[in-house]
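In the numbering used here, the protein residues as written are 3 to 399.
For glycine and all other residues, C-beta sits at the position ideal for the given N, C-alpha and C.
Every value quoted in this text rests on a predicted model; they were computed, and no experiment measured them.
Structure, as structure tokens:
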Amino acid sequence: MTDFARTRKLFEIPDGMIYLDGNSLGPLPIAAKARVADMLANEWGKHLIKGWNLSGWIHQSRRIGDRIGRLIGAPEGTTIMGDTLSIKVYQALAAALDLNPGRKIVLSDSGNFPSDLYMAQGLIGSLGRGLELKVVEPDAVEDAIDDGVAVLMLTEVDYRTGRLHDMKALTAKAHAAGALTVWDLAHSAGALPVDVLGAGADFAVGCTYKYLNGGPGAPAFIYVASRHLETARPALSGWLGHEAPFAFDLDYRAGTGIDRMRVGTPPVIALSVLDAALDAWDGVSMDDVRAASIGLCDLFIREVEGRCPELTLATTRHGHARGSQVSFRHPQGYAIMQALIARNVIGDFRAPDAIRFGFTPLYIGEEEVLGAARALERIMKERLWDAAEYQRKALVT
Ligand SMILES: *Cc1c(COP(=O)(O)O)cnc(C)c1O
Numbered sequence: 003m004t005d006f007a008r009t010r011k012l013f014e015i016p017d018g019m020i021y022l023d024g025n026s027l028g029p030l031p032i033a034a035k036a037r038v039a040d041m042l043a044n045e046w047g048k049h050l051i052k053g054w055n056l057s058g059w060i061h062q063s064r065r066i067g068d069r070i071g072r073l074i075g076a077p078e079g080t081t082i083m084g085d086t087l088s089i090k091v092y093q094a095l096a097a098a099l100d101l102n103p104g105r106k107i108v109l110s111d112s113g114n115f116p117s118d119l120y121m122a123q124g125l126i127g128s129l130g131r132g133l134e135l136k137v138v139e140p141d142a143v144e145d146a147i148d149d150g151v152a153v154l155m156l157t158e159v160d161y162r163t164g165r166l167h168d169m170k171a172l173t174a175k176a177h178a179a180g181a182l183t184v185w186d187l188a189h190s191a192g193a194l195p196v197d198v199l200g201a202g203a204d205f206a207v208g209c210t211y212k213y214l215n216g217g218p219g220a221p222a223f224i225y226v227a228s229r230h231l232e233t234a235r236p237a238l239s240g241w242l243g244h245e246a247p248f249a250f251d252l253d254y255r256a257g258t259g260i261d262r263m264r265v266g267t268p269p270v271i272a273l274s275v276l277d278a279a280l281d282a283w284d285g286v287s288m289d290d291v292r293a294a295s296i297g298l299c300d301l302f303i304r305e306v307e308g309r310c311p312e313l314t315l316a317t318t319r320h321g322h323a324r325g326s327q328v329s330f331r332h333p334q335g336y337a338i339m340q341a342l343i344a345r346n347v348i349g350d351f352r353a354p355d356a357i358r359f360g361f362t363p364l365y366i367g368e369e370e371v372l373g374a375a376r377a378l379e380r381i382m383k384e385r386l387w388d389a390a391e392y393q394r395k396a397l398v399t
């Protein structure tokens with residue numbers, strides 16, 4: 003059994019705060035502070051440029067990619083770090099489209115995160131070969147997979163509602179129709195068991211600042227199925243993805259294996275934070291995390307529905323059909339969330355009307371769930387949200 007009392011001690015959460023936003027930005031892993039200080043002082047400070055070789059900075063993207071790979075069911079040498087998730091979406095979709103040149107449709111759903119759709123729109127615009135992004139409702143995806151689809155591009159867990167797609171079944175259906183798949187695991191990696199190999203995914207991408215606690219702006223990852231590793235064409239053909247970066251050739255030749263998905267210089271400091279953050283997963287069973295997360299979400303739903311009848315559940319009640327988050331809808335959702343945050347219960351708001359709470363068993367238990375439900379009950383019963391200060395929208399919600 004995973005010892006969640008142990009993992010909880012690994013994170014810095016201010017006293018009195020109930021932090022239910024680890025699905026947006028995970029908390030600081032305490033060990034990261036010393037790790038970064040050491041990296042700055044003893045690697046960058048002492049070695050300077052020699053650090054690329056002496057401290058292994060050049061291998062970090064690949065080594066940490068393999069650590070993430072173990073959390074998503076990816077074999078060694080198929081996952082690599084770098085850039086932001088939006089960039090990784092672009093890379094994966096560009097490569098997938100290239101591998102399926104005869105078709106015109108990129109199929110996605112309205113539950114996808116806007117940036118993924120925007121990147122697809124941008125890429126399609128640049129390619130200028132009559133491609134079309136088709137966006138259907140999440141439950142219409144399966145029926146929309148046909149022999150016109152080049153690439154099925156989905157986020158496994160809907161950022162707003164928490165609805166979970168069946169990655170294995172949809173991938174099988176896509177393959178049967180001759181389409182390739184790009185899966186975004188932003189709300190899956192570190193939240194629930196993922197098996198990209200078992201599901202047969204062609205490409206997968208994800209960020210590391212949500213459930214993986216890598217810190218604001220932490221680098222993203224990309225997975226490429228082994229069968230595509232030598233044929234996937236890197237659209238972002240930066241020098242570190244070149245077969246021989248230090249030959250300084252004038253012409254690009256894609257590197258071998260997953261290294262071709264590197265673009266430019268990796269964020270070494272951010273990667274050292276992430277490396278420390280990933281230590282928290284040693285000895286943790288993802289099945290235990292899943293069971294605990296379903297329990298916490300179920301409890302939150304029960305408590306909030308019992309206490310706050312004005313709120314409408316936006317997430318499925320079926321634990322196995324959702325990710326690790328719960329959302330409720332209310333026309334005053336924004337103000338309600340601001341009132342909660344003012345009382346040190348941290349969730350977030352997703353337009354137009356969803357208040358969203360992430361449940362992360364590594365550092366959240368039943369006590370926090372009950373505390374949050376009680377705070378929400380008071381805000382609703384006493385209309386505490388109805389104050390001018392809670393109506394003012396900040397840029398980041
Ligand atoms: C969080 C998230 C992003 C954010 O992308 P960045 O480039 O890291 O800002 C993109 N897609 C999905 C599905 C997300 O959940």
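Contacting residues, own chain, Cβ-Cβ under 8 Å from residue i (five flanking each side not counted)
{"i": "Glu158", "result": "Leu166, His167, Met169, Trp185, Asp186, Leu187, His189, Ser190, Val196, Gly325"}
{"i": "Leu276", "result": "Ile66, Met83, Thr210, Leu214, Gly216, Gly217, Ala220, Pro221"}
{"i": "Val38", "result": "Ile271, Ser274, Val275, Ala278"}
{"i": "Ala2", "result": "The shown model of the chain, from 3 to 399, leaves out residue 2, and the question about it has no answer."}
{"i": "His230", "result": "Ala97, Leu101, Asp204, Phe205"}
{"i": "Leu119", "result": "Ser110, Leu135, Val137"}
{"i": "Gly373", "result": "Ile20, Val347"}
Exposure label - residue i; buried when at least 16 CB within 10 Å
{"i": "Ile260", "result": "buried"}
{"i": "Leu87", "result": "buried"}
{"i": "Gly124", "result": "exposed"}
{"i": "Val398", "result": "exposed"}
{"i": "Ala98", "result": "buried"}
{"i": "Thr233", "result": "exposed"}
{"i": "Leu56", "result": "exposed"}
{"i": "Asp284", "result": "exposed"}
{"i": "Pro333", "result": "exposed"}
{"i": "Ala246", "result": "exposed"}
{"i": "Phe351", "result": "buried"}
{"i": "Lys90", "result": "buried"}
{"i": "Lys212", "result": "buried"}
{"i": "Gly130", "result": "exposed"}
{"i": "Thr163", "result": "buried"}
{"i": "Ser26", "result": "buried"}
{"i": "Arg264", "result": "buried"}
{"i": "Gln393", "result": "exposed"}
{"i": "His104", "result": "Reading the sequence as shown, one finds Gly at residue 104 and not His. Gly104 should be labelled exposed."}
{"i": "Ser63", "result": "buried"}
{"i": "Ser228", "result": "exposed"}
{"i": "Pro311", "result": "exposed"}
{"i": "Val369", "result": "Here the sequence assigns Glu to residue 369, which means Val is not the residue at that position. Flag for Glu369 reads exposed."}
{"i": "His61", "result": "exposed"}
7 Å Cβ shell around residue i - same chain, five flanking residues per side excluded
{"i": "Tyr365", "result": "Thr9, Arg10, Phe13, Ile15, Pro29"}
{"i": "Ala375", "result": "Phe302, Glu305, Val306, Arg309"}
{"i": "Gly321", "result": "Ile296, Cys299, Asp300"}
{"i": "Asp290", "result": "Met3, Thr4"}
{"i": "Ala377", "result": "Leu342, Arg345, Val347"}
{"i": "Asp355", "result": "Arg331, His332, Pro333, Gly335"}
{"i": "Gly180", "result": "Asp149"}
{"i": "Asp160", "result": "Gly113, Pro140"}
{"i": "Lys106", "result": "Gly132, Leu133, Glu134, Gly150, Ala152"}
{"i": "Ile381", "result": "Ile338, Ala341, Leu342, Trp387"}
{"i": "Arg255", "result": "His244, Glu245"}
DSSP beta-bridge partners of residue i
{"i": "Trp185", "result": "Leu156, Ala206"}
{"i": "Ile107", "result": "Glu134, Val151"}
{"i": "Glu14", "result": "Leu30"}
{"i": "Tyr21", "result": "Ile348"}
{"i": "Met83", "result": "Phe223"}
{"i": "Phe359", "result": "Val328"}
{"i": "Arg72", "result": "Partner(s): none; Arg72 has no beta bridge."}
{"i": "Leu166", "result": "Val159"}
Proximal residues to residue i (C-beta, below 6 Å), its chain only, five neighbours per side dropped
{"i": "Ala203", "result": "Thr173, Thr183, Trp185"}
{"i": "Pro143", "result": "The identity of residue 143 in the sequence shown is Val, whereas the question assumes Pro. Asp111."}
{"i": "Leu42", "result": "none"}
{"i": "Phe6", "result": "Pro363"}
{"i": "Leu238", "result": "Gln93, Val265"}
{"i": "Tyr225", "result": "Ala76, Thr80, Thr81, Val198, Ala206"}
Original post:
How about the segment 101-113 and the segment 136-154: do they share at least three Cβ pairs that are nearer than 8 Å?
Top reply: yes
Original post:
Would you say the segment 322-339 touches the segment 173-182, given that touching needs at least three Cβ pairs under 8 Å?
Top reply: no
Original post:
Just checking, does the segment 192-201 make contact with the segment 75-85 on the three C-beta pairs under 8 Å criterion?
Top reply: They touch, by the three-pair rule.
Subject >> Validate contact between the segment 315-325 and the segment 63-73 using beta carbons, cut 8 Å, 3 pairs >> reply: With contact defined as three or more Cβ pairs closer than 8 Å, the segment 315-325 and the segment 63-73 are not in contact.
Subject >> Contiguous beta strand (DSSP E) assignments of at least 3 residues, all confined to the segment 185-273 >> reply: As far as the segment 185-273 is concerned, its whole beta strand (DSSP E) runs of at least 3 residues are 205-208, 223-226.
Subject >> Sequence ranges, alpha helix (DSSP H) only - wholly within the segment 266-344, length at least 4 >> reply: Those alpha helix (DSSP H) runs which fall completely within the segment 266-344 and span 4+ residues are 270-280, 288-309, 335-344.
Subject >> the segment 376-395 / the segment 45-56 touching (three or more Cβ pairs under 8 Å) >> reply: no
**OP:** Take every Cβ of the segment 20-28, pair it with every Cβ of the segment 351-366, and state whether three or more of those distances are shorter than 8 Å.
**Re:** yes
Subject >> Neighbouring residues (CB closer than 7 Å to any heavy atom of ligand 3) >> reply: As far as ligands go, the structure on display features ligand 1 and does not contain ligand 3.
Original post:
Whole alpha helix (DSSP H) runs in the segment 37-74 with 4 or more residues, listed along the chain?
Top reply: Counting only runs of 4 or more, we get 53-56, 59-74.
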